[in-house]
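K.L.:
Top line first, the protein sequences correspond to chains A and B.
Note that the first sequence covers residues 1 to 255 in the numbering used here.
Note that the second sequence covers residues 1001 to 1227 in the numbering used here.
Backbone N, C-alpha and C fix where the C-beta goes; we use that ideal spot for every residue, glycine too.
Predicted model, so just to flag it, every value in this text is computed and none were measured.
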Amino acid sequence: MTAGTTTRPGTGTRGSRILGVLALAGLAWLVIFGFLLSPADEVQGDSVRLMYVHVPSAWLAYLAFGVTAFCSLMYLWKRTRSLAWDRIAGCSAEIGLLFTGLALVTGMTWGQVTWGHVWDWGDARLVTTALLFLLFVGYVALRRLPAAPHVRAKRAAVAGIIAFLDVPLVHQSVEWFRTLHQSPTILRKDLDPQIDGVMLFSVFVGVVAFTLVYVWLLVHRNRVAMMEARLEAGGLEQALAERRGEPVGTAAVGS
Amino acid sequence: MLRTALLVAGKDLRIEWRSKVGMVQVLPFAMAVLVLFAFALDGNRSTLRDVTPGLAWIAMLLSLLLGVQRAFGPETVDGALDALRLSGLEPAGVFLGKAAALAAQLLALGTLLGIGVALFYGPDAPGVGGWVVLVTTVVVATTGLAAVGTIYGALSAGIRVRDTLLPILVLPVVMPVLIAATRAVEASLGIRAELTDAWPWVGLLAVFTLAYTALGLLAFGPLLEET
């Protein structure tokens, strides 16, 4: 890693490049399965193909925020307290927002096609996802405020846990609120998936491809965050040193 | 821990009592919100009666934001927070005290709001069972709101943009309280629900309150350390 970063600017390394190629291949695989190999649904027609993006995005939203909560816990626990946990928590939340947004947009598109309207307050999962989005927008907004690294990390960790703790409560309340969402078809209690084999496999392909994309984004975002932290810590000293190194008199020309 | 809690709660309530800000600003604000809703809904009494619980709880949530800012306003000036830290009080006790003081203020506000709602929107009076549900709901929900509010208050103490940050942090988190408390109060007043429908909602509120009280007890130490 060190050799790569000193010679070429950027956050890529051999490992992350392999990961990136795998993620791209996964996406290509998903496109082939989603558009060519899987059939259109008897009832829903081609709109069922949205599922191959919608389901993986929703899964990743939960995974990403779960990672944020886990890293927040690790940070708050004194024995494992390290800014690395804080950094990963923040990066994962940002990527989580991306996938939550994607899940919402595909869900709303599907709603427009199937229900005839974009939004339905009776749909528990749609409303829960929207709230999840808002919860973590607040978290990211909090992170962006300037503060000493450990102060910011502590605030963010507590806020991340508060937000994640809220998810089951939100879900339960919205669930009871009234529901007309499709009842879960993949995780049915009798363990007999009610969808076509190729379709199910395409969803699976989507989950794998999106997870690879998530890991790739996380690796790169984390490295950028590391550089930001280093710049924040050493930036002022370096600027001062450079300023001192300048020949006397240049400042006068500028002013 | 309880002694600390009592000390801190007493201090907060005394400050609030002497400044009278709650009485001359927060309460009128909440009442103004009720009047706004009435105008927005055309002052239609039958509509207003149906949506009374939801509107009252929204007024409570907005007041909660003001209450949280009030509770941590005095702590952030003149190095009061440093003094609190140096005093050697248990952070968990400080949390309990501040949350209790906030809950007490919210309860008082909720009672007055309830009277206002009864006068302006005219919901049917609940029966004995309805009162039990109503009071339980208000007490449990207010405690939960105070717990979340106190954590976020401490978390955002000393942040320059606190006033704009708090709503975006607090409002999504208390959404389950809005839903559950609204349904429970609806059931207690017999609006579109039976009295027995209220108990699952009260249970949800209790889980919310317990979860965030526990989190506050654990998290207040790290939060007070250096913020």
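Fully enclosed by the stretch 1142 to 1183 of chain B, which alpha helix (DSSP H) runs are 4 residues long or longer?
P.N.:
Qualifying alpha helix (DSSP H) stretches, in chain order: 1162 to 1173.
K.L.:
Among B:Ala1071, B:Val1051 and B:Gly1043, which has the Cα closest to the Cα of B:Arg1014?
P.N.:
As a first step, residue 1014 of chain B must be located in the second sequence, where it is residue number 14. The shortest Cα separation from B:Arg1014 among B:Ala1071, B:Val1051 and B:Gly1043 belongs to B:Ala1071.
K.L.:
May I have a chain-ordered list of the alpha helix (DSSP H) segments no shorter than 4 residues that lie completely inside the stretch 1041 to 1120 of chain B?
P.N.:
Qualifying alpha helix (DSSP H) stretches, in chain order: 1045 to 1076 and 1080 to 1086.
K.L.:
Suppose contacts are defined by Cβ-Cβ distances below 9 Å. Is B:Val1117 in contact with B:Ala1056 by that definition?
P.N.:
The residue you call residue 1117 of chain B lines up with position 117 of the second sequence. The residue you call residue 1056 of chain B lines up with position 56 of the second sequence. Against a cut-off of 9 Å, the Cβ pair of B:Ala1056 and B:Val1117 comes out as a contact.
K.L.:
For a quick check, are the C-beta atoms of B:Ala1198 and B:Thr1137 less than 9 Å apart?
P.N.:
One-based indexing of the second sequence puts residue 1198 of chain B at position 198. One-based indexing of the second sequence puts residue 1137 of chain B at position 137. In this structure, B:Thr1137 lies closer than 9 Å to B:Ala1198 by Cβ.
K.L.:
With burial defined as no fewer than 16 other Cβ atoms inside 10 Å of the residue's Cβ, what is the status of B:Tyr1121: buried or exposed?
P.N.:
Counting from 1 along the second sequence, the entry for residue 1121 of chain B is found at position 121. It counts as buried.
K.L.:
Just verifying my parser: in three-state terms, what is the DSSP assignment at A:Gly116?
P.N.:
As a first step, residue 116 of chain A must be located in the first sequence, where it is residue number 116. It is coil, neither helix nor strand.
K.L.:
Is there a Cβ from chain B that is less than 9 Å from the Cβ of A:Ala103?
P.N.:
Within the first sequence, numbered from 1, the residue matching residue 103 of chain A stands at position 103. Closer than 9 Å: no.
K.L.:
Using 9 Å as the limit for Cβ to Cβ distance, is B:Leu1168 near chain A?
P.N.:
Residue mapping note: residue 1168 of chain B aligns to position 168 of the second sequence, counting from 1. First, the residue type needs correcting, since residue 1168 of chain B is Ile and not Leu in the sequence shown. Chain A, which has a Cβ nearer than 9 Å to the Cβ of B:Ile1168, makes this yes.
K.L.:
If you draw a straight line from the alpha carbon of B:Ala1101 to that of B:Gly1010, how long is it in whole angstroms?
P.N.:
Here residue 1101 of chain B is taken as the residue at index 101 of the second sequence, counted from 1. Here residue 1010 of chain B is taken as the residue at index 10 of the second sequence, counted from 1. Their backbone Cα atoms lie some 7 Å apart in a straight line.
K.L.:
Just reading off the alpha helix (DSSP H) that B:Trp1017 is part of, what are its end residues?
P.N.:
Here the question's residue 1017 of chain B lines up with position 17 in the second sequence. Leu1002 to Ser1019 is the extent of the alpha helix (DSSP H) around B:Trp1017.
K.L.:
Check whether the Cβ atoms of B:Gly1127 and B:Thr1004 lie closer than 9 Å to each other.
P.N.:
Residue mapping note: residue 1127 of chain B aligns to position 127 of the second sequence, counting from 1. Residue mapping note: residue 1004 of chain B aligns to position 4 of the second sequence, counting from 1. Not a contact, by the Cβ cut-off of 9 Å.
K.L.:
In this structure, how does DSSP classify B:Asp1124 when only helix, strand and coil are distinguished?
P.N.:
Numbered from its first residue, the second sequence carries residue 1124 of chain B at position 124. In this structure, B:Asp1124 counts as coil in the three-state DSSP scheme.
K.L.:
Can you check DSSP and say which residues form a bridge with A:Leu41?
P.N.:
Reading the first sequence from its first residue, position 41 is the one you call residue 41 of chain A. Correcting the residue identity first, residue 41 of chain A is Asp in this sequence and not Leu. In DSSP, A:Asp41 forms a bridge with A:Gly45.
K.L.:
Of the choices A:Val203, A:Ile161 and A:Ala209, whose alpha-carbon is the least far from that of A:Val67?
P.N.:
As a working mapping, residue 67 of chain A is identified with position 67 in the first sequence. It is A:Ile161.
K.L.:
Whose Cβ in chain D lies nearer than 7 Å to the Cβ of A:Ser173?
P.N.:
Of the protein chains in this structure, namely A and B, none is chain D.
K.L.:
What is the DSSP secondary structure of A:Asp123, reduced to helix, strand or coil?
P.N.:
As a working note, residue 123 of chain A is residue 123 in the first sequence. It is coil, neither helix nor strand.
K.L.:
To the nearest angstrom, report how far apart B:Met1031 and B:Val1185 are at their CA atoms.
P.N.:
Here residue 1031 of chain B refers to the residue found at position 31 of the second sequence. Here residue 1185 of chain B refers to the residue found at position 185 of the second sequence. C-alpha separation (whole angstroms): 19 Å.
K.L.:
Check the Cβ of B:Ala1219 against every Cβ in chain A and list those closer than 8 Å, keeping chain order.
P.N.:
As a position in the second sequence, residue 1219 of chain B is number 219, starting the count at 1. Residues of chain A passing the Cβ test: Leu76, Val158 and Ile161.
K.L.:
Using alpha carbons as the reference points, say which of B:Lys1098, B:Leu1027, B:Ala1219 and B:Asn1044 lies closest to B:Pro1123.
P.N.:
The residue you call residue 1123 of chain B lines up with position 123 of the second sequence. The option with the nearest alpha carbon to B:Pro1123 is B:Asn1044.
K.L.:
Provide the residue span of the alpha helix (DSSP H) that contains A:Trp29, from first to last.
P.N.:
Here the question's residue 29 of chain A lines up with position 29 in the first sequence. From DSSP, the alpha helix (DSSP H) with A:Trp29 extends over Arg14 to Val31.
K.L.:
For the alpha helix (DSSP H) containing A:Phe204, list its first residue and its last residue.
P.N.:
Within the first sequence, the letter at position 204 stands for residue 204 of chain A. From DSSP, the alpha helix (DSSP H) with A:Phe204 extends over Gly197 to Gly245.
K.L.:
Which residues, taken in chain order from the stretch 1041 to 1070 of chain B, show a beta carbon closer than 7 Å to some beta carbon of chain A?
P.N.:
Going along the stretch 1041 to 1070 of chain B in chain order, one finds no residue with a Cβ nearer than 7 Å to chain A.
K.L.:
Does the separation of the CB atoms of B:Val1033 and B:Leu1062 fall below 9 Å?
P.N.:
Numbered from its first residue, the second sequence carries residue 1033 of chain B at position 33. Numbered from its first residue, the second sequence carries residue 1062 of chain B at position 62. Their beta carbons are under 9 Å apart, which means B:Val1033 touches B:Leu1062 by this criterion.
K.L.:
Among A:Gly235, A:Val213 and A:Gln238, whose alpha-carbon lies nearest the alpha-carbon of A:Gly96?
P.N.:
Here residue 96 of chain A corresponds to residue number 96 of the first sequence, with the count starting at 1. Taking only the C-alpha atoms, the option nearest A:Gly96 is A:Val213.
K.L.:
Short check: CB of B:Ala1099 to CB of B:Gly1149, under 9 Å?
P.N.:
As a position in the second sequence, residue 1099 of chain B is number 99, starting the count at 1. As a position in the second sequence, residue 1149 of chain B is number 149, starting the count at 1. Result yes, Cβ atoms of B:Ala1099 and B:Gly1149 sit closer than 9 Å.
K.L.:
Please state whether DSSP places A:Arg144 in a helix, a strand or coil.
P.N.:
Numbered from 1 along the first sequence, position 144 holds the residue referred to as residue 144 of chain A. Of the three classes helix, strand and coil, the one that applies to A:Arg144 here is coil, per DSSP.
K.L.:
Just to confirm, are B:Leu1066 and B:Gly1144 a CB contact at a threshold of 9 Å?
P.N.:
On the second sequence, position 66 is the one that residue 1066 of chain B refers to. On the second sequence, position 144 is the one that residue 1144 of chain B refers to. Taking 9 Å as the Cβ cut-off, B:Leu1066 and B:Gly1144 do not qualify as a contacting pair.
K.L.:
Would you check if the stretch 201 to 219 of chain A and the stretch 21 to 33 of chain A touch, i.e. whether three or more CB-CB distances between them fall below 8 Å?
P.N.:
They touch, by the three-pair rule.
K.L.:
Contact check, B:Leu1169 vs A:Leu142 under 8 Å by CB: the rounded distance?
P.N.:
For the purposes of this step, residue 1169 of chain B is taken as the residue at position 169 of the second sequence. For the purposes of this step, residue 142 of chain A is taken as the residue at position 142 of the first sequence. Rounded, the Cβ-Cβ distance is 7 Å, consistent with contact.
K.L.:
Whether or not the stretch 116 to 136 of chain A and the stretch 1162 to 1180 of chain B are in contact is what I'm after, with contact meaning three or more pairs of Cβ atoms, one per stretch, closer than 8 Å; do they touch?
P.N.:
Touching, yes.
K.L.:
Exposed or buried, A:Glu228, counting other C-beta atoms within 10 Å across all chains shown (16 or more means buried)?
P.N.:
As a working note, residue 228 of chain A is residue 228 in the first sequence. Classification of A:Glu228: exposed, given that the 10 Å Cβ count is below 16.
K.L.:
As a quick exercise: from A:Phe210, A:Val248 and A:Gln238, pick the residue whose alpha carbon is nearest that of A:Trp59.
P.N.:
Reading the first sequence from its first residue, position 59 is the one you call residue 59 of chain A. When each option's Cα is compared against that of A:Trp59, the closest is A:Phe210.
K.L.:
Please state whether the Cβ-Cβ distance between B:Pro1091 and A:Val158 is less than 9 Å.
P.N.:
Position 91 of the second sequence, counted from the first residue, corresponds to residue 1091 of chain B. Position 158 of the first sequence, counted from the first residue, corresponds to residue 158 of chain A. No; because the gap between Cβ atoms is not below 9 Å, this pair is not in contact.
K.L.:
Just to confirm, are A:Leu131 and A:Gly111 a CB contact at a threshold of 9 Å?
P.N.:
Here the question's residue 131 of chain A lines up with position 131 in the first sequence. Here the question's residue 111 of chain A lines up with position 111 in the first sequence. Cβ distance not < 9 Å, so A:Leu131 and A:Gly111 don't count as in contact.
K.L.:
Can you name, in chain order, every residue of its own chain whose Cβ lies under 6 Å from the Cβ of B:Thr1213, other than the five neighbours on each side?
P.N.:
Residue 1213 of chain B sits at position 213 when you count from the first residue of the second sequence. Taken in chain order, the residues that qualify are Ala1147.
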